[in-house]
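Novice:
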Amino acid sequence: MKIIRRKKDLNKIINKINSLSFIPTMGGLHKGHEFLIKKAKKENKVALVSIFVNPKQFNSKIDFKSYPRNINKDLKILKKLNVKYLYLPTYKEIFSFKTKNKIYLHSFSNRLCGKYRPGHFKGVLNVVNRYLELIKPKKIYLGKKDFQQLVLIKKHISKNNIKTEVVSCNTIRYSNFLPYSSRNGSLSRYSTDLASKAFKLIKKEKKIIKRKKIKKISLIKIKKKLFDFGIKKIDYIEAVNLNSLKKAKKYNEKFNIFSAFYIGKTRLIDNI
Ligand code: AMP
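Number 103 in my numbering belongs to position 109 of the sequence shown; there are no gaps in the numbering.
1) With a threshold of 7 Å on Cβ separation, who are the neighbours of Asp68 within its own chain once the five nearest residues in sequence on each side are excluded?
2) Which partner residues of Gly137 appear in the DSSP bridge assignment?
3) Consult DSSP for Ser176 and reduce its assignment to one of helix, strand or coil.
4) Going by DSSP in three states, Ser13 sits in which element: helix, strand or coil?
5) Please tell me whether Lys96 has its Cβ less than 8 Å away from any Cβ of chain D.
6) Just tell me which of Gln143, Asn66 and Ala189 has its CA closest to the CA of Ser162.
7) Which term fits Thr84, buried or exposed, when burial requires 16 or more other beta carbons within 10 angstroms of its beta carbon?
8) When you compare the segment 237 to 253 with the segment 169 to 181, are there three or more beta-carbon pairs, one atom per stretch, that lie closer than 8 Å?
9) Are the CB atoms of Arg(-1) and Leu82 nearer to each other than 8 Å?
10) Phe252 by DSSP, collapsed to three states: which one?
11) By the three-class DSSP mapping on this structure, what secondary structure does Leu188 have?
12) Check this for me: beta carbons of Val43 and Ile31, under 8 Å apart or not?
13) Give the C-beta separation of Tyr98 and His150 to the nearest angstrom, bearing in mind that I take them to be a contact with Cβ-Cβ under 8 Å.
14) In terms of residue numbering, what span does the alpha helix (DSSP H) encompassing Ser60 cover?
15) Let me check one thing: in DSSP terms, what residues is Ala233 bridge-paired to?
16) Can you name, in chain order, every residue of its own chain whose Cβ lies under 6 Å from the Cβ of Ile225, other than the five neighbours on each side?
17) Figure out for me which residue from Lys2, Ala34 and Ile216 has the closest Cα to the Cα of Lys132.
18) Buried or exposed for Gly108, going by 16 or more other Cβ atoms inside 10 Å?
19) Helix, strand or coil for Ala242? Go by DSSP, reduced to three states.
20) Cβ of Cys107 versus every heavy atom of the ligand AMP: is any distance shorter than 7 Å?
21) Within 7 Å: the Cβ of Pro18 and any heavy atom of the ligand AMP?
22) Taking 7 Å as the cut-off, is the beta-carbon of Leu30 closer than that to any non-hydrogen atom of the ligand AMP?
23) The alpha helix (DSSP H) that contains Val121, what's its start and end?
24) So, Asp57 versus Lys139, is the Cβ gap smaller than 8 Å?
25) Taking Cβ to Cβ, would you say Ala192 is nearer than 8 Å to Leu220?
26) How is Val145 classed by DSSP in three states: helix, strand or coil?
27) If you compare alpha carbons, which of Leu4, Pro62 and Lys130 is closest to Asn178?
28) When DSSP builds the beta bridges, which residues end up paired with Leu42?
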């Protein structure tokens, strides 16, 4: 595996290969990332993975500093997966050039996580746009676990006529239904069980809405149950129509239940 740190080395590779698939990550690699990488490798021969913890998408310095980093473990995983290129930029490499595209923030950025993490999606799009300008990948692989991020990146790409195809990838979960996340490492056994119980409850609620043909979706009772489980802080729990991106009202819409809550200091998100 070749580790690239500088733009000039990146350019050499890009000039050589005209069909790169790109998987951006913040490291702390897990089975979810592995799935994206394997899919990219299967569909397109040459995969380029990036690891960069982007300070611009964090709301607090403490959160940025405590974000899990384990480059040695990440390197082992990437080597095991036979990844050809790893881009490991510094802050300066990424942010010291002038971009061509203007960041397009669709209004969906004001909802859900956007409402509770001001500036977060602007920070995400800033770095993703820079990657796209630098790497010009044929395809970019993104997880539906971060559905809002995925949609906003798609909207930015389309608005700026960027010639990169977005490949949406399913959420990979543990057998207890908890989605893999770099932040899971900080959860105790008790907290893991609690998170699993919470996401399973949300999954069950979606099934009930469908089965009982509920005409006016309300998640108030579920929210109360989550508090009863012992969850102290819920940012949101909301049914969202996956096409219109508006609040879902009825069972027969194509919707997911989006949630963000804290277990101790760890913020978990999912959409089911
Ligand atoms: P991150 O390192 O958290 O920024 O995530 C990098 C990419 O992996 C993003 O496109 C995420 O949506 C995706 N991802 C994170 N967790 C999962 C998961 N459990 N299953 C599938 N994809 C995931």
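Beta carbons are placed, not taken as given, at the ideal position from N, Cα and C, and that holds for glycine.
Specialist: With the structure as the only source:
1) If we look at Asp68 and ignore the five residues flanking it on each side, its Cβ neighbours are Gly21, Leu23 and Ile45.
2) Beta-bridge pairing links Gly137 to Cys163.
3) The answer is helix: DSSP assigns Ser176 an H, G or I state.
4) DSSP places Ser13 in coil when its eight states are reduced to three.
5) Among the chains in the structure shown there is no chain D, since it carries only a single protein chain.
6) Ranking Gln143, Asn66 and Ala189 by CA distance to the CA of Ser162 puts Gln143 first.
7) Flag for Thr84 reads exposed.
8) The segment 237 to 253 makes no contact with the segment 169 to 181: fewer than 3 CB pairs, one atom from each, lie closer than 8 Å.
9) Contact flag set, yes.
10) Of the three classes helix, strand and coil, the one that applies to Phe252 here is strand, per DSSP.
11) Helix, per DSSP.
12) Result yes, Cβ atoms of Val43 and Ile31 sit closer than 8 Å.
13) Confirmed, Cβ separation roughly 5 Å.
14) It spans Lys55 to Ser60 - the alpha helix (DSSP H) in which Ser60 sits, taken as one unbroken run.
15) BP columns for Ala233 point to Ile251.
16) Around Ile225: Phe255.
17) When only C-alpha atoms are compared, the closest one is Ala34.
18) Buried, because 16 or more other Cβ atoms sit within 10 Å of the Cβ of Gly108.
19) Coil at Ala242, not helix or strand.
20) Checking the Cβ of Cys107 against the ligand AMP gives no.
21) The closest heavy atom of the ligand AMP lies less than 7 Å from the beta carbon of Pro18.
22) True, at least one ligand heavy atom lies under 7 Å from that Cβ.
23) Unbroken alpha helix (DSSP H) run through Val121: His114 to Ile129.
24) With a cutoff of 8 Å on beta-carbon distance, Asp57 and Lys139 are scored as not near each other.
25) A Cβ-Cβ contact shorter than 8 Å links Ala192 with Leu220.
26) Residue state for Val145 is assigned as helix, using DSSP reduced to three classes.
27) Of the candidates Leu4, Pro62 and Lys130, the one whose C-alpha sits nearest the C-alpha of Asn178 is Pro62.
28) Looking at the DSSP output, Leu42 shares a beta bridge with Phe16 and Tyr79.
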